[in-house]
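Let me begin by presenting the structure, written as structure tokens, before commenting on it.
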Amino acid sequence: MLMTPEQLEIAQYIGQFEPFDAISDDAIELIAQHLQVRYFKAGSAIINFEEPATDLMFIRSGAVELFRRNGELYNRLTEGDIFGQFSLLRQQCVRFPARALEDCLIYYIPKTVFEQLLEEEAFADFVEAEGPRLKTTVEQQRKDNDLLITRVRKLVRRRPLIVDEDTTIQQASQQLIEHGASSMLVRRQASKGYEEDNQTWQICGLITEHDFVSRVIAQGESALAPVANIMSREMIGIASDESVQEAMLIMLKHNIHHLPVFRKRRPLGIIRLADIVRYETQSSLYLAASIANQQSIAELAKLSHDVAQSCVRMVQDGANSKMVGQALSGIGRAFMQRIIELTEADLGKPPVPYCYMVLGSMARDEQTLLTDQDNALILHDDYQPEHEAYFVELSDKVSTALDRCGYTLCSGDIMASNPQWRKTLSQWQATFADWIANPNPEALLHCSIFFDIDGVYGDINMAEELREFVAERAQGQQRFLAALARNALNRTPPLGLFRTFVLEKDGKENNSINVKRRGTAPLVDVIRVHALAAGSTAQNSFDRLDDIAKTSLIPKDAIERLRYAFEFLSMMRIRHQVIDIDNERQPDNNVEPELVNSSDRHTLKDAFGVLSSAQKYLEFRYPYKVR
Amino acid sequence: MDWMTYFQTQSHQASRQTLKQYYRSGCTFANAPLSAVEMVALDIETTGLNSQEHGITSIGLVPFSLQRIQLNEAKHWLVKPRKPLAEDSITIHQITHSDLADAPDFSEVFDELLQALQGKLVVAHFHKIERQFLRHTVRNRFDEDWLFPMLDTMQIEANLHRQPRWKPSQWFRRQASIRLADARQRYQLPAYRNHNAMLDALATAELLQAQVAYHLDSNDSVGQHWC
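Order-wise, the sequence lines are chains S and Z.
Straight run, no breaks: the first sequence in the numbering used here ends on number 1653.
Straight run, no breaks: the second sequence in the numbering used here ends on number 233.
Now the structure itself:
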């Protein structure tokens, strides 16, 4: 059946929005042909609680608010959004009553059509409830990119210069100069090969600048002789989907500096050893290695500008949040280690052994670009008051140097330069024992990051010992866990995004959202409580989730949801920092709703939902009673 | 006009069987509340404004109630006018000579149109065009009289937004536009990119729902508003 003009107009309109943009034309036509319409004045009820669910609703114009059973705002939707899918999927009555926030025109898609639409994968994925979509999004991001395999084709900058085998040496060298190239390929006609200019060609040789020197000038070859006389006939090439790593190995093995890249038999370009070297020097590994070679704080400070670039590069290469977090934490540790080494060389040998430890995100291997320094000192139990001067000077110099290298001073003064955070191992153990035995949420509020610790320099064993001490003591301490849990509820997520605003639970709208404060940080808090309850010594949130999964503290599927939510929110934070860098702005933790595409909006809402229920569960699992 | 009596009289006088049937099925009760009435939004497009000189080129309709607009039952016909198509109406309606070359004559779609309107209250924006052109065309083709009550969204809008001109205070004031697109804007209804009889019928149905939501009482009797 042909669509009528008004059906066509409606089909075109609906087809712009998710998930309708991804479904077949037949399905869109089906919708347009079965649509019903109704106008609602602002403030009027669209569907009521426990009404039978008969249609999927699409907002053609205006804005709609959905509520929970208890009257709490659940979501605010606008043009192009759908609602009512949950009740339809579960064959239930209306779960979220809806009201027109503005004058609305609502399109009704009948249940029978909705059921047919579920046959379309894109549609079914979209309307499925929270968990699956979050999972799909995260896994898709992982599948799309694989950091371990950067394909060589990424390094190909331009099409190769190709000459016929009977071209003279002189003509060939002229072309090389003309194109500013350093190598060229030679082709000849063959029965098998690639098609170009209506003929079949085969690449039969490679000529580099060096060949003109070594084979023409040095051996007195005539400039009018064909290039075939001087080309390397031993053709070593690489397929375009091989890894950069593989390309490097081939070049090293054959001692060559130019490597042609092919797709099937067609030459795509030539990569040079120099291309690989340049590519590798942007990598975080290279950066960490070169940090260790710097001879002064000034040199280190200069190198700190490369940190942002190496993060951008990782994100472009498709790293996940764990990879980025590990790399940036690794770089941070490298800076710290080199700074302490240099400072120690300046001050002389320490009077007693010590361990510089980091706290918070660096300890968890979850550092991002925007970070301040959180560190502390563990001193050997042989420490005496007369040793203090050395450690005052050491820690002051280290903190100042870190600040110069982009790790700004901690606003909460959680730094080794603060005498409060320089203690002997026994003193530290006593401090932790007291926090755990006599917990009160206010006192714990500012020291939750002390439960993420990692030794960076010196006698690392002391940090390990402290970590194990904490894990052992905290496990099963219900009052301590409850106090920590209560603090983990302080920062709550918003409901989601609405147009260009962040929608809060009370219906207020803000211009941007701090994804750290409202997303990743509270998730870290939630995960930490369960990890301590599980007796885990892991610090990284993903590793902690692995340990929690070995216990029965949280249902397995809830753990998976936490994992996906944390990955999604972390990547959103990192990606927006990269956007900031690309636009030459100071990276921050804010995400502006106008920069979030429609599919991420839905996933974001799901991730916030996961955090919200995790917080509710925490409250129930570790109830806090004031004594 | 007493529509009930008119329908009764016509059910005897009409000679065409389908039209007789239409009148026999009766007209909407004048005292029925708006919320309980089955309606149909109707729009026709013509080669000009004068029913004596110009002809109908297309007819669009959408059945609806205050609860739902039944897009799935919408209908649209192109019809070939007996008078030639003027150039300026092409630019308005985007209907060209070739579109109409194969279109049927009005007499071929009349029975289907009657069936779609039977028992329903017709709603139009500026009802005079529909009334005059349909009456003239039916008289011309079949020598029958065809009239029916209508709700006019333009009239409703005019009553709401236009002050009587006899008040001196209104003499120099700009009148609010009651054209379909402008009226819709007042209710935050979206603008449609295209125009044809069917889309305009849909636009009219949406407008009536909005007018009732804002200004009329859904318990108002039909007879208070029809013309």
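All C-beta atoms, glycine included, are put in the ideal place defined by N, C-alpha and C.
Please read these numbers as outputs of a predicted model, since none were measured by experiment.
**Asked** Are the C-beta atoms of residue 223(Z) and some chain S residue less than 9 Å apart?
**Response** In the second sequence, residue 223(Z) corresponds to position 217, counting from 1. Cβ-Cβ to chain S under 9 Å: no for residue 223(Z).
**Message:** Please report the straight-line C-alpha distance between residue 1171(S) and residue 1494(S), rounded to a whole angstrom.
**Reply:** Counting from 1 along the first sequence, the entry for residue 1171(S) is found at position 145. Counting from 1 along the first sequence, the entry for residue 1494(S) is found at position 468. With a pLDDT of only 49 at residue 1171(S), under 50, the local geometry of the prediction cannot be trusted, and no value is derived from it.
**Request:** With a cut-off of 8 Å on the beta carbons, I'd call residue 1177(S) and residue 1267(S) a contact; round off their distance for me.
**Result:** For this step, residue 1177(S) is matched to residue 151 along the first sequence. For this step, residue 1267(S) is matched to residue 241 along the first sequence. Sure, about 5 Å apart at Cβ, within 8 Å.
**Request:** Would you kindly check if the distance between the Cβ of residue 1198(S) and the Cβ of residue 1253(S) is under 9 Å?
**Result:** On the first sequence, position 227 is the one that residue 1253(S) refers to. On the first sequence, position 172 is the one that residue 1198(S) refers to. It is a contact, given that the beta carbons lie within the stated cut-off.
**Message:** If contacts are defined as beta-carbon pairs under 8 Å, then residue 1285(S) and residue 1264(S) qualify, I think. What distance do you get, rounded to the angstrom?
**Reply:** Reading the first sequence from its first residue, position 259 is the one you call residue 1285(S). Reading the first sequence from its first residue, position 238 is the one you call residue 1264(S). Confirmed, about 6 Å.
**Request:** Could you pull the start and end residues of the alpha helix (DSSP H) that residue 1601(S) belongs to?
**Result:** The residue labelled residue 1601(S) in the question sits at position 575 within the first sequence. 1582–1608 is the extent of the alpha helix (DSSP H) around residue 1601(S).
**Prompt:** Name the DSSP bridge partner or partners of residue 1620(S)?
**Reply:** For the purposes of this step, residue 1620(S) is taken as the residue at position 594 of the first sequence. Answer is none; residue 1620(S) lacks a bridge partner.
**Item:** Cβ neighbour criterion (16 or more within 10 Å) applied to residue 208(Z)
**Value:** As a position in the second sequence, residue 208(Z) is number 202, starting the count at 1. Buried, since its Cβ has 16 or more Cβ neighbours within 10 Å.
**Request:** Taking residue 972(S) as the query, report the chain Z residues whose CB atoms sit under 7 Å from its CB, ordered along the chain.
**Result:** Residue numbering for chain S in the displayed model covers 1027 to 1653; residue 972(S) lies beyond these limits and cannot be assessed.
**Request:** Give a yes or no on contact between the segment 1382–1401 of chain S and the segment 1345–1353 of chain S, applying the rule of three or more CB pairs nearer than 8 Å.
**Result:** yes
**Message:** For the beta strand (DSSP E) containing residue 51(Z), name the first residue and the last one.
**Reply:** Taking the second sequence and counting its residues from 1, the one referred to as residue 51(Z) is at position 45. 45–52 is the span of the beta strand (DSSP E), which, as asked, contains residue 51(Z).
**Request:** Would you kindly check if the distance between the Cβ of residue 1482(S) and the Cβ of residue 1643(S) is under 9 Å?
**Result:** Along the first sequence, read from residue 1 onward, the residue named residue 1643(S) stands at position 617. Along the first sequence, read from residue 1 onward, the residue named residue 1482(S) stands at position 456. Their beta carbons are not under 9 Å apart, which means residue 1643(S) does not touch residue 1482(S) by this criterion.
**Prompt:** What is the DSSP secondary structure of residue 133(Z), counted as helix, strand or coil?
**Reply:** Here residue 133(Z) refers to the residue found at position 127 when the second sequence is read from its first residue. Three-state result, residue 133(Z): helix.
**Message:** Mapping the DSSP letters down to three states, classify residue 1065(S) as helix, strand or coil.
**Reply:** Here residue 1065(S) refers to the residue found at position 39 of the first sequence. If DSSP states are grouped into helix, strand and coil, residue 1065(S) belongs with the strands.
**Message:** Looking at residue 1523(S): is its Cβ nearer than 9 Å to the Cβ of residue 1529(S)?
**Reply:** Sequence index remark: in the first sequence, residue 1523(S) carries index 497 (1-based). Sequence index remark: in the first sequence, residue 1529(S) carries index 503 (1-based). Yes, Cβ-Cβ distance for residue 1523(S) and residue 1529(S) is below 9 Å.
**Asked** Which class does residue 1482(S) belong to by DSSP, given the choice of helix, strand or coil?
**Response** Along the first sequence, read from residue 1 onward, the residue named residue 1482(S) stands at position 456. Looking at residue 1482(S) - three-state DSSP - the assignment turns out to be strand.
**Prompt:** Can you tell me the Cα-Cα spacing of residue 1367(S) and residue 1377(S), whole angstroms?
**Reply:** Working through the first sequence from its first residue, we reach residue 1367(S) at position 341. Working through the first sequence from its first residue, we reach residue 1377(S) at position 351. About 15 Å.
**Asked** From 1421(S), 1423(S), 1647(S) and 1637(S), pick the residue whose C-alpha is nearest to that of residue 1503(S); which is it?
**Response** The sequence position of residue 1503(S) within the first sequence is 477, counting from 1. The shortest Cα separation from residue 1503(S) among 1421(S), 1423(S), 1647(S) and 1637(S) belongs to 1647(S).
**Request:** Closer than 6 Å by C-beta to residue 1102(S): which residues in its own chain qualify, once you throw out the five before and the five after it? Chain order, please.
**Result:** Stepping through the first sequence from its first residue, residue 1102(S) is reached at position 76. Closer than 6 Å at Cβ, skipping near neighbours: 1091, 1524 and 1529.
**Prompt:** Whose C-beta lies closer than 8 Å to the C-beta of residue 1543(S) among residues of the same chain, with five residues either side of it excluded?
**Reply:** For this step, residue 1543(S) is matched to residue 517 along the first sequence. The residues are 1517 and 1615.
**Asked** residue 81(Z): buried (16+ other C-beta within 10 angstroms of its C-beta) or exposed?
**Response** Start at 1 with the first residue of the second sequence, and residue 81(Z) comes out as number 75. It is buried - the Cβ of residue 81(Z) has at least 16 other Cβ atoms within 10 Å.
**CB contact below 9 Å: residue 70(Z) versus chain S** = Reading the second sequence from its first residue, position 64 is the one you call residue 70(Z). Answer yes: the Cβ-Cβ gap between residue 70(Z) and chain S drops below 9 Å somewhere.
**Request:** Look at the alpha carbon of residue 1277(S) and the alpha carbon of residue 1181(S), and state the distance between them as a whole number of angstroms.
**Result:** Here residue 1277(S) refers to the residue found at position 251 when the first sequence is read from its first residue. Here residue 1181(S) refers to the residue found at position 155 when the first sequence is read from its first residue. Straight-line Cα distance between these residues: approximately 15 Å.
**Prompt:** Which two residues bound the contiguous beta strand (DSSP E) that contains residue 12(Z)?
**Reply:** Start at 1 with the first residue of the second sequence, and residue 12(Z) comes out as number 6. Segment 9–19 is the alpha helix (DSSP H) holding residue 12(Z); no beta strand (DSSP E) there.
**Item:** Nearest candidate by alpha-carbon position, reference residue 1622(S), set 1443(S), 1065(S), 1309(S) and 1537(S)
**Value:** Numbered from its first residue, the first sequence carries residue 1622(S) at position 596. The shortest C-alpha separation from residue 1622(S) is found at 1537(S).
**Prompt:** Using 9 Å as the limit for Cβ to Cβ distance, is residue 204(Z) near chain S?
**Reply:** Within the second sequence, numbered from 1, the residue matching residue 204(Z) stands at position 198. True, the Cβ-Cβ gap to chain S drops below 9 Å.
**Request:** For residue 1596(S), collect the residues of the same chain with a Cβ closer than 6 Å to its Cβ; drop the 5 residues on either side in sequence, then sort them by chain order.
**Result:** Walking along the first sequence from the start, residue 1596(S) turns up at place 570. These residues qualify, in order along the chain: 1347 and 1546.
**Request:** Give the single residue among 1379(S), 1425(S) and 1192(S) whose Cα lies nearest to the Cα of residue 1408(S).
**Result:** For this step, residue 1408(S) is matched to residue 382 along the first sequence. For residue 1408(S), the nearest C-alpha among the options comes from 1379(S).
**Prompt:** Exposed or buried, residue 1425(S), counting other C-beta atoms within 10 Å across all chains shown (16 or more means buried)?
**Reply:** Along the first sequence, read from residue 1 onward, the residue named residue 1425(S) stands at position 399. Buried, because 16 or more other Cβ atoms sit within 10 Å of the Cβ of residue 1425(S).
**Per-residue contacts from residue 62(Z) into chain S (C-beta, under 8 Å)** = Position 56 of the second sequence holds residue 62(Z). Within 8 Å Cβ-Cβ: nothing; residue 62(Z) doesn't reach chain S, min ~17 Å.
**Prompt:** Is there a Cβ from chain S that is less than 9 Å from the Cβ of residue 50(Z)?
**Reply:** Your numbering for residue 50(Z) matches position 44 in the second sequence. Cβ-Cβ to chain S under 9 Å: no for residue 50(Z).
**Beta-carbon proximity check, residue 1561(S) vs residue 1612(S), cutoff 9 Å** = Reading the first sequence from its first residue, position 535 is the one you call residue 1561(S). Reading the first sequence from its first residue, position 586 is the one you call residue 1612(S). Taking 9 Å as the Cβ cut-off, residue 1561(S) and residue 1612(S) do not qualify as a contacting pair.
**Item:** Contacting positions in the segment 1074–1088 of chain S - beta carbon closer than 7 Å to chain Z
**Value:** 1086, 1087 and 1088
**Message:** Considering only the alpha carbon of each residue, which of 1125(S), 1130(S), 1111(S) and 1112(S) lies closest to residue 1105(S)?
**Reply:** Mapped onto the first sequence, residue 1105(S) falls at position 79. Residue 1105(S) has its Cα closest to that of 1130(S), out of 1125(S), 1130(S), 1111(S) and 1112(S).
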